[in-house]
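Novice: Sequential numbering from 263 applies to the sequence shown in our numbering. Quick one: the structure is below, questions incoming.
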Amino acid sequence: MTRIPPLLRFLPLLGLAVTLPGGQKQAEILEIATAGSALVLAVAPDAPVVFRHYGGRTAGADAFLYKGHRDGPEVYPAFGGTNFANLALSVVHADGSLTTELVYAGHERRALDAGREETVVHLKDKLYPLTVDLHFTAHKAEDVITQRAVLSHREKAPVRVETIASACLPLQAGAYYLTHFHGAWGREMRVTEEKLTPGGKIIEEYRKGVQTTMSDNPSFMLALEHPADEEAGEVYAGALAWSGNYRLSFAPDELETLHITAGMNPFAAARMVAPGEALETPAMVLTYSARGRGQASRNLHDWSRRHALAHGGEPRAILLNSWEGAYFAFDEKTLTGMMDDAAALGIEMFVLDDGWFGNKHPRNDARAGLGDWQVNRQKLPRGIGHLADYAVSKGLRFGIWIEPEMVNPRSELAENHPEWVVKSPGREIPQRRNQWVLDLSNPAVQDFVEKVFDDTVALSPNITYIKWDANRPVWSAGSEYLPADRQTHFWKDYVDGLYKVYERVRAKHPDITIQLCSSGGARLDYGALKYHDEFWASDNTNAVDRVLIQYGAGMIYPAIATASHVSASPNHQTGMMVPLKFRFDVAMSGRLGMELQPKDIAGADLEFARRAIQNYKRIRPVVQLGDLYRLCSPYDEKGRAALAYVSKDRKEAVLFAYNLYHFHARGFTFDVKLKGLDPAKTYTVSELNMKTSKSVFPGNKKTFTGDYLMKAGVSLSIPRPQESAVLHMTEK
Ligand code: GLA
């Protein structure tokens, strides 16, 4: 590339663009910067916007000569011109033309608040009156940049948008290591890291529409040159804020540039956009870390607590959920009994799960009643109000379960509104868990879903928590509401409809705690999470599996939002027997709750549970608001795991260590080096949740410098499978 004469170099920094002899254009540098990262674009009038850099913030982005068309990857490549990499946009224009060539048409900047700045880059097609605005929001303190696109046009008739990405990211390195999250029901968010090979990789969901994160999550981490380290090396992380079908594509080109393209999945989803209408993509959330995967996670956690999670700065209540303790088989007495026991344990909230509604078709199992959100008079003759008042009389908050997007065929709702059911005309409507999906692209259904929420909350002024579930995917799409030539709009319109309802519900009920649940973690994304306080990470409550699930979830989503419950042993999903201590030690590394019949806990276990709950109250602010450090991965085949949370002021930390299965002969210790402590501080180390009077840590109650704890570490005697330790470190 030709270098620019030094004299001309400063001109772009002043926002000036100059034309050099031969018609070559001097580009202006546009830097979207956070405290430690920068995304740098080169812009010049009527020329494609070129991506220059995303990564560590540079001392001053240098100007450079820009030769118009082929100087670097475009920031938003459209089909047309000579783009050969992954495409962000493909449009069929009103006259049938397939090509689009986007060029720079200006930009704007504004501070959203002290910590956030938005840059909008305007792109226009060279030929047709079609524009794309790229919205970048720099979250400065958290090193997070979000990006989304808005398309509109003034062509004579609708244009057909075949694909429209949220963001494209070209990166340059010798090797790329992709970490992504794969799984299934009961084993969500399993961590896989792989070296990208020619041909690339696509992570997507294209046909479920709902429950899109059951098998893969729309998020990733990417390390350059070497497999990701926890605390060193360059790592990028991304998460698409979208609850519908998605696609993340990682495509190396022939020059070894890796093109990451993220957005809604284009499969069967073309959109007709009328003149004057705007088509907006979801946001892609990106962060850059020069200090490994750990810092990338901490960036996302900080960002979500501040910007993408309801009440992100407020510690969560410890709750007892009725599901695994009672399932559908309860009456008033069952529930008040559970509340008595919960209160005695020190629990702070009771949540009544599925089974409380339906009269003509009582919801006594999963086969009937879904959709009929009236209190079941036989089971609960005094209504929800009585139960919620009872909870409050015991010092507990009260929460309740709904699944407002779904319907059992055996329900009054299905009888009255067959037109609301998602279906393909003339075909049998497939069932899953005996239920159908309601068509949220229909505004009447949106109103219904909103009303279910409102009416449920109105059952008692003492309801302060809603668990919002969604227990099946769409699969066979089709909307009676959408016209024949707009059926491909269904996927996006469903999610837009859902978000409209979330918006309205949140505007009316800002203080309600809402849990995001979908057969466990099948709807776990930042699009939905921002309206919720927490998510149900998995229906699998087996603590051993939870170590793996929560370790994966914690890469992208924060512990404050990770609902994690102590359930019965043998575990209902896996049959595995796990000691109560291990179950508590795992659940306490997230948002602690219980999900069992508390009267089944007796004797020493009862006393242990009471103490563990007390302990959690002490460490809760550190776990929920502190910084996560992953110390030992359960995925590296050593059969153990460790992680720690450190308070922001580094005065306190909590270490969780787990022996999952045999890793050495009995007698060997599990040695863990802490991270993130203040080397200059002195900490008193106390073991919590001790099973006997003998600590598994020989230095229990003694003091150590942060430096020592990080360099020499602690030795824990937890040699047997399902042994675990929790150490609390407080500044002396
Ligand atoms: C789903 C949820 C569970 C529970 C049941 C109730 O499976 O994930 O936690 O609420 O529904 O039917």
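Note that CB positions come from ideal geometry on N, CA and C, so glycine has one too. Source: prediction; values computed, not measured.
Should W565 be listed as close to the ligand GLA, given that the test is whether its C-beta is under 8 Å from any heavy atom?
Specialist: Against the sequence shown, residue 565 aligns to sequence position 303. The answer is no for W565.
Novice: Using three-state DSSP, classify I875 as helix, strand or coil.
Specialist: Against the sequence shown, residue 875 aligns to sequence position 613. If DSSP states are grouped into helix, strand and coil, I875 belongs with the helices.
Novice: Apply the 10 Å Cβ neighbour rule to N678 and answer buried if 16 or more other Cβ atoms are within range, or exposed otherwise.
Specialist: Locating residue 678 in the sequence shown gives position 416, counting from the first residue. Exposed, since its Cβ has fewer than 16 Cβ neighbours within 10 Å.
Novice: I want to know whether the stretch 812-823 touches the stretch 846-862 - three or more CB-CB distances under 8 Å.
Specialist: yes
Novice: Please report the Cβ distance between L292 and Y316, rounded to the nearest whole angstrom; I am assuming they are in contact, meaning their Cβ atoms lie under 8 Å.
Specialist: As a first step, residue 292 must be located in the sequence shown, where it is residue number 30. As a first step, residue 316 must be located in the sequence shown, where it is residue number 54. In fact, because the Cβ distance is near 12 Å, the residues do not count as touching under 8 Å.
Novice: Among W737, V736 and F752, which residue has its Cα nearest to the Cα of Y743?
Specialist: To locate residue 743, count along the sequence shown from 1; it is residue 481. For Y743, the nearest C-alpha among the options comes from F752.
Novice: DSSP on G975, reduced to helix/strand/coil?
Specialist: Counted from its first residue, the sequence shown places residue 975 at position 713. It is coil, neither helix nor strand.
Novice: Which class does P705 belong to by DSSP, given the choice of helix, strand or coil?
Specialist: Within the sequence shown, residue 705 is the residue found at index 443, counting from 1. Three-state result, P705: helix.
Novice: Return the first residue and the last residue of the beta strand (DSSP E) that V423 is part of.
Specialist: In the sequence shown, counting from the first residue as 1, residue 423 sits at position 161. Start and end: V421 to Q434.
Novice: Tell me which same chain residues have a C-beta within less than 7 Å of the C-beta of D387, skipping the five on either side of it?
Specialist: As a position in the sequence shown, residue 387 is number 125, starting the count at 1. The residues are T362, E363 and L364.
Novice: Got a sec? Which residues, its chain only, sit under 7 Å from A974 by beta carbon, not counting five neighbours each side?
Specialist: Working through the sequence shown from its first residue, we reach residue 974 at position 712. If we look at A974 and ignore the five residues flanking it on each side, it has no Cβ neighbours.
Novice: By a C-beta neighbour count over all protein chains shown, 10 Å radius and 16 as the cutoff for buried, is Y923 buried or exposed?
Specialist: Position 661 of the sequence shown holds residue 923. Burial call: exposed.
Novice: Could you pull out every unbroken beta strand (DSSP E) segment of at least 3 residues lying fully inside the stretch 637-717, listed in chain order?
Specialist: At a cut-off of 3 residues, the continuous stretches assigned as beta strand (DSSP E) that sit fully inside the stretch 637-717 are 659-664.
Novice: So, do the stretch 749-764 and the stretch 649-662 have three or more beta carbon pairs nearer to each other than 8 Å?
Specialist: no
Novice: Can you tell me whether L760 is buried or exposed? The criterion is at least 16 other CB atoms within 10 Å of its CB, across all chains shown.
Specialist: Position 498 of the sequence shown holds residue 760. Label assigned to L760: buried.
Novice: So D801 and S741 are supposed to be a Cβ contact under 8 Å. How far apart are they, rounded?
Specialist: For this step, residue 801 is matched to residue 539 along the sequence shown. For this step, residue 741 is matched to residue 479 along the sequence shown. About 29 Å separates the beta carbon of D801 from that of S741, a gap too long to meet the 8 Å contact definition.
Novice: In the structure shown, what three-state DSSP assignment does T549 receive?
Specialist: Position 287 of the sequence shown, counted from the start, is the residue given in the question as residue 549. If DSSP states are grouped into helix, strand and coil, T549 belongs with the strands.
Novice: For a quick check, are the C-beta atoms of D616 and P860 less than 9 Å apart?
Specialist: Here the question's residue 616 lines up with position 354 in the sequence shown. Here the question's residue 860 lines up with position 598 in the sequence shown. With respect to the 9 Å criterion, D616 and P860 are not classified as neighbours on the basis of their beta carbons.
Novice: Using the Cβ count rule (16 or more neighbours within 10 Å means buried), how would you classify A874?
Specialist: Taking the sequence shown and counting its residues from 1, the one referred to as residue 874 is at position 612. Buried, because 16 or more other Cβ atoms sit within 10 Å of the Cβ of A874.
Novice: Going by the C-beta, is D634 closer than 8 Å to any heavy atom of the ligand GLA?
Specialist: Position 372 of the sequence shown, counted from the start, is the residue given in the question as residue 634. No - the ligand GLA has no heavy atom lying nearer than 8 Å to the Cβ of D634.
Novice: List the endpoints of the continuous beta strand (DSSP E) containing E450.
Specialist: The residue you call residue 450 lines up with position 188 of the sequence shown. No beta strand (DSSP E) contains E450, which DSSP labels as neither H nor E.
Novice: From V421, R892 and Y652, pick the residue whose C-alpha is nearest to that of A532; which is it?
Specialist: Sequence index remark: in the sequence shown, residue 532 carries index 270 (1-based). Ranking the options by Cα distance to A532, first place goes to V421.
Novice: For a quick check, are the C-beta atoms of T459 and E467 less than 9 Å apart?
Specialist: In the sequence shown, residue 459 corresponds to position 197, counting from 1. In the sequence shown, residue 467 corresponds to position 205, counting from 1. Their beta carbons are not under 9 Å apart, which means T459 does not touch E467 by this criterion.
Novice: Pull up the DSSP beta-bridge partners for Y920, would you.
Specialist: Sequence index remark: in the sequence shown, residue 920 carries index 658 (1-based). Beta-bridge pairing links Y920 to A903 and S986.
Novice: Kindly list the residues whose CB is nearer than 6 Å to the CB of E949, restricted to its own chain and excluding five residues on each side of it in sequence; keep chain order.
Specialist: Residue 949 sits at position 687 when you count from the first residue of the sequence shown. Excluding sequence neighbours, E949 sits near S957, F959, N962 and L989.
Novice: Which residues share a DSSP beta bridge with R1013?
Specialist: The requested residue 1013 is not part of the displayed model; the chain covers only 263 to 994.
Novice: Using a Cβ-Cβ cut-off of 7 Å (strictly less than) and excluding sequence neighbours within five positions of S428, which residues of its own chain qualify?
Specialist: As a first step, residue 428 must be located in the sequence shown, where it is residue number 166. Only Q409, R410, A411, L502, A524, G525, T543, P544, A545 and M546 meet the Cβ criterion.
Novice: Kindly indicate which three-state DSSP category K386 falls into: helix, strand or coil?
Specialist: Counted from its first residue, the sequence shown places residue 386 at position 124. DSSP places K386 in strand when its eight states are reduced to three.
Novice: Let's test the definition: count the other Cβ atoms within 10 Å of the Cβ of K994 and tell me whether it reaches 16, buried, or not, exposed.
Specialist: The count along the sequence shown starts at 1 and reaches residue 994 at position 732. Per the 10 Å Cβ criterion, exposed.
Novice: Just to confirm before moving on: does the CB-CB distance between A309 and C430 stay below 9 Å?
Specialist: Taking the sequence shown and counting its residues from 1, one reaches residue 309 at position 47. Taking the sequence shown and counting its residues from 1, one reaches residue 430 at position 168. In this structure, C430 does not lie closer than 9 Å to A309 by Cβ.
Novice: Between the stretch 731-739 and the stretch 701-712, do three or more beta carbon pairs fall short of 8 Å?
Specialist: no
Novice: Using the DSSP secondary-structure output, state which residues sit across from T946 in a beta bridge.
Specialist: For the purposes of this step, residue 946 is identified with residue 684 of the sequence shown, where counting begins at 1. T965 and T992, per the DSSP bridge assignment.
Novice: Measure the CB-CB distance between A490 and T441 and report whether it falls below 9 Å.
Specialist: By one-based count along the sequence shown, residue 490 stands at place 228. By one-based count along the sequence shown, residue 441 stands at place 179. Cβ distance < 9 Å, so A490 and T441 count as in contact.
Novice: Going by the CB atoms, is the gap between Y589 and T549 shorter than 9 Å?
Specialist: Taking the sequence shown and counting its residues from 1, one reaches residue 549 at position 287. Taking the sequence shown and counting its residues from 1, one reaches residue 589 at position 327. No. Outside cutoff.
Novice: Does the stretch 717-730 come within contact of the stretch 772-790, defined as at least 3 CB pairs closer than 8 Å?
Specialist: yes
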